[in-house]
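**Q** Numbering (the working numbering), first residue to last: 245 to 327.
Quick one: structure below, then a few questions.
What follows is the structure, encoded as structure tokens:
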């Protein structure tokens, strides 16, 4: 962030209910045919994330990213915008 003075980042923080609902309703994302269950998946999304660090599905990952955006905005108030 400090190396390029022109960098600006917008962190979109969607309503978590909307995010989870979108995921559950997307047949290519939420694999009901593989036996995935909403009550078992909504919070941590273990079947989707598979412990991969690049996967950010489920409520806990939503919360992690939302808090990261907020923390970054506090450190770089001129460069990071959250909405």
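Beta carbons are placed, not taken as given, at the ideal position from N, Cα and C, and that holds for glycine.
As the structure is a computational prediction, the values presented were derived from the model and not from experiment.
1) Using a Cβ-Cβ cut-off of 6 Å (strictly less than) and excluding sequence neighbours within five positions of residue 292, which residues of its own chain qualify?
2) Report yes if the CB atom of residue 327 is closer than 8 Å to the CB atom of residue 261, and no otherwise.
3) Around the Cβ of residue 308, are there at least 16 other Cβ atoms within 10 angstroms (buried) or fewer (exposed)?
4) Quick one: what's got a C-beta closer than 8 Å to residue 287's C-beta in the same chain, skipping five residues either side?
5) For residue 246, would you say it is in contact with chain D, using Cβ-to-Cβ distances shorter than 8 Å as the test?
**A** Answer, in terms of the structure:
1) Mapped onto the chain shown, residue 292 falls at position 48. Within the same chain, 301 come within 6 Å of residue 292 by CB-CB distance, once the 5 residues on both sides are set aside.
2) As a working note, residue 327 is residue 83 in the chain shown. As a working note, residue 261 is residue 17 in the chain shown. Taking C-beta atoms as the reference points, residue 327 and residue 261 fail to come closer than 8 Å.
3) As a working mapping, residue 308 is identified with position 64 in the chain shown. Exposed is the label assigned to residue 308, since fewer than 16 other Cβ atoms lie within 10 Å of its Cβ.
4) As a first step, residue 287 is located in the chain shown; it is residue number 43 there, counting from the start. Spatial neighbours of residue 287 in its own chain (CB-CB distance under 8 Å, excluding positions within 5 residues in sequence) are listed in chain order as 302, 303 and 304.
5) Annotation note: the requested chain D is absent from the structure, which comprises a single protein chain.
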